[in-house]
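Trainee:
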Amino acid sequence: MESQIKNHYNSDHLTANIKTALIKAGKNLSTLEPKDLYRIDQLHTGGANSSIELLKNINFSPDTPDITDTTGTQVLDAGCGIGGSSRLIAQQFGCKVTGLDLADKFINAANFLTTCTKQETQVSFKQGSILDLPFEKNTFDLVLCQHVLMNIKDKSRAVKEFFRVLKPGGKLVLHEITKGENQPVIFPVPWAASSAISFLEPWDILAATLEKQGFKMSYFSDKTHGACSWWEKVKAASDKKSTGVNVLGPGLIFGSNATLFGKNMHTNFKNNSICLVEAILKKSYNA
Numbered sequence: 083m084e085s086q087i088k089n090h091y092n093s094d095h096l097t098a099n100i101k102t103a104l105i106k107a108g109k110n111l112s113t114l115e116p117k118d119l120y121r122i123d124q125l126h127t128g129g130a131n132s133s134i135e136l137l138k139n140i141n142f143s144p145d146t147p148d149i150t151d152t153t154g155t156q157v158l159d160a161g162c163g164i165g166g167s168s169r170l171i172a173q174q175f176g177c178k179v180t181g182l183d184l185a186d187k188f189i190n191a192a193n194f195l196t197t198c199t200k201q202e203t204q205v206s207f208k209q210g211s212i213l214d215l216p217f218e219k220n221t222f223d224l225v226l227c228q229h230v231l232m233n234i235k236d237k238s239r240a241v242k243e244f245f246r247v248l249k250p251g252g253k254l255v256l257h258e259i260t261k262g263e264n265q266p267v268i269f270p271v272p273w274a275a276s277s278a279i280s281f282l283e284p285w286d287i288l289a290a291t292l293e294k295q296g297f298k299m300s301y302f303s304d305k306t307h308g309a310c311s312w313w314e315k316v317k318a319a320s321d322k323k324s325t326g327v328n329v330l331g332p333g334l335i336f337g338s339n340a341t342l343f344g345k346n347m348h349t350n351f352k353n354n355s356i357c358l359v360e361a362i363l364k365k366s367y368n369a
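Take a look at the structure:
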């Protein structure tokens, strides 16, 4: 199963194609900033703004609730893709971020782009599986899981791994697509070309899994309405833009299927086939 998922995300010559597209777009690779990459590395619903809004009010450090200095905070970006949210968190909040992804070509691209933005002292990457995280227990203050669980069938195991690597008092931040009341989902979508690697669950089932593991929810918001509007705008914009492996945009990462994402995602949200949720959960200090 993991090999199928890896194949979905791995793209031939990804790093070289990104470099070519950046140069073609007039970007200087030696002076890149994270915002220069948003069109290719912030492809989750809501883009960079959704990540910032979700994270900006979080007390990152569980042991120092009255201190806003987050420079020593350790963050795991689980399912980091090419590292967009990892770089964004490091820039916005000064944290040390480790990104992990199953797709080795994503990790190669993430390392290249992070060198270009001169953030390699703050941000690092590992190739690996969320189902078997290559970290010691009690390592991270915060785990970000953003548009990832849709590809994971054994969510209980993933949640157990998140719990294990979080420090006592640490937080799990979810920005996830869940199963709606109506089916079927129209494919392709960013996480799957077909139902073979799509494992959506309703939020109440996922919430029960999280609670059973020992997480306590401190924040929840259903963002489905805004997601529908956002993807409608993506659809309208994509209809007017050129696509391809040398153009800054989703096609650079996902290939020709990306041209259908705006239409299909908007329809799926509008039909209530999928939902978008945000949640912040805490690991007990006694765990």
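All letters in the sequence shown, in the order written, are residues 83 to 369 by the numbering used here. From the three backbone atoms N, C-alpha and C, an ideal C-beta is built for every residue, glycine too. All of these numbers come straight from a predicted model, not from anything done at the bench.
Do you know how far the Cα of H95 is from the Cα of K242?
Mentor: For the purposes of this step, residue 242 is taken as residue 160 along the sequence shown, with counting starting at 1. For the purposes of this step, residue 95 is taken as residue 13 along the sequence shown, with counting starting at 1. About 34 Å.
Trainee: When we look at the beta-carbon of N220 and count the other beta-carbons within 10 Å, is it buried (16 or more) or exposed?
Mentor: Here residue 220 corresponds to residue number 138 of the sequence shown, with the count starting at 1. So N220 ends up on the exposed side.
Trainee: From the DSSP secondary-structure annotation, give me the bridge partner or partners of L256.
Mentor: As a first step, residue 256 must be located in the sequence shown, where it is residue number 174. Looking at the DSSP assignment, L256 forms a beta bridge with C227 and A361.
Trainee: Scan the region 95-168 and note each continuous beta strand (DSSP E) run of 3 residues or more that stays entirely inside, going in chain order.
Mentor: Runs found: 156-160.
Trainee: Taking 7 Å as the line, does the beta carbon of I362 fall inside it for any heavy atom of the ligand ZN?
Mentor: With respect to small molecules bound, the structure shown includes none, and the ligand ZN cannot be examined in it.
Trainee: Pick from G252, T180 and V230: whose alpha carbon is nearest that of S300?
Mentor: Here residue 300 refers to the residue found at position 218 when the sequence shown is read from its first residue. Closest option to S300, Cα to Cα, is G252.
Trainee: With DSSP as the reference, label T180 as helix, strand or coil.
Mentor: Locating residue 180 in the sequence shown gives position 98, where the first residue counts as 1. Here T180 sits in strand by DSSP.
Trainee: Helix, strand or coil for F297, going by three-state DSSP, please let me know.
Mentor: On the sequence shown, position 215 is the one that residue 297 refers to. Three-state result, F297: strand.
Trainee: My output table needs one value for Q265: the three-state DSSP class, helix, strand or coil.
Mentor: On the sequence shown, position 183 is the one that residue 265 refers to. Coil at Q265, not helix or strand.
Trainee: Just to confirm, are A274 and H90 a CB contact at a threshold of 8 Å?
Mentor: Translated into the one-based positions of the sequence shown, residue 274 becomes position 192. Translated into the one-based positions of the sequence shown, residue 90 becomes position 8. Result yes, Cβ atoms of A274 and H90 sit closer than 8 Å.
Trainee: Which word fits S93, buried or exposed, when buried means at least 16 other C-beta atoms lie within 10 angstroms of its C-beta?
Mentor: Position 11 of the sequence shown, counted from the start, is the residue given in the question as residue 93. Counting Cβ neighbours within 10 Å, S93 comes out buried, since at least 16 surround it.
Trainee: Can you give me the C-alpha to C-alpha distance between G181 and I189, rounded to a whole angstrom?
Mentor: Locating residue 181 in the sequence shown gives position 99, where the first residue counts as 1. Locating residue 189 in the sequence shown gives position 107, where the first residue counts as 1. Each residue's alpha carbon lies about 8 Å from the other.
Trainee: To the nearest angstrom, how far is it from the Cα of P144 to the Cα of G210?
Mentor: As a working note, residue 144 is residue 62 in the sequence shown. As a working note, residue 210 is residue 128 in the sequence shown. In this predicted model, P144 has a pLDDT of only 45, less than 50, meaning its place in the structure is not dependable; the value taken from the coordinates is given anyway. Taking the straight line from one Cα to the other gives about 26 Å.
Trainee: If we ignore side chains and look at the alpha-carbon of each, how far apart do Q97 and A192 end up?
Mentor: Locating residue 97 in the sequence shown gives position 15, counting from the first residue. Locating residue 192 in the sequence shown gives position 110, counting from the first residue. Gln is not the amino acid found at residue 97; the sequence shown has Thr there. Each residue's Cα considered, the two are about 9 Å apart.
Trainee: Tell me which residue opens and which closes the alpha helix (DSSP H) that V241 is part of.
Mentor: For the purposes of this step, residue 241 is identified with residue 159 of the sequence shown, where counting begins at 1. Residues K237 to V247.
Trainee: Output the distance between the C-alpha atoms of I149 and T155, rounded to the nearest integer angstrom.
Mentor: The sequence position of residue 149 within the sequence shown is 67, counting from 1. The sequence position of residue 155 within the sequence shown is 73, counting from 1. Any reading at I149 must be qualified, since the residue scores a pLDDT of 40, below 50, and its modelled position is unreliable; the value itself is stated next. C-alpha separation (whole angstroms): 12 Å.
Trainee: Could you tell me the alpha carbon to alpha carbon distance between P147 and G331, rounded to whole angstroms?
Mentor: Here residue 147 refers to the residue found at position 65 of the sequence shown. Here residue 331 refers to the residue found at position 249 of the sequence shown. With a pLDDT of only 46 at P147, under 50, the local geometry of the prediction cannot be trusted, and no value is derived from it.
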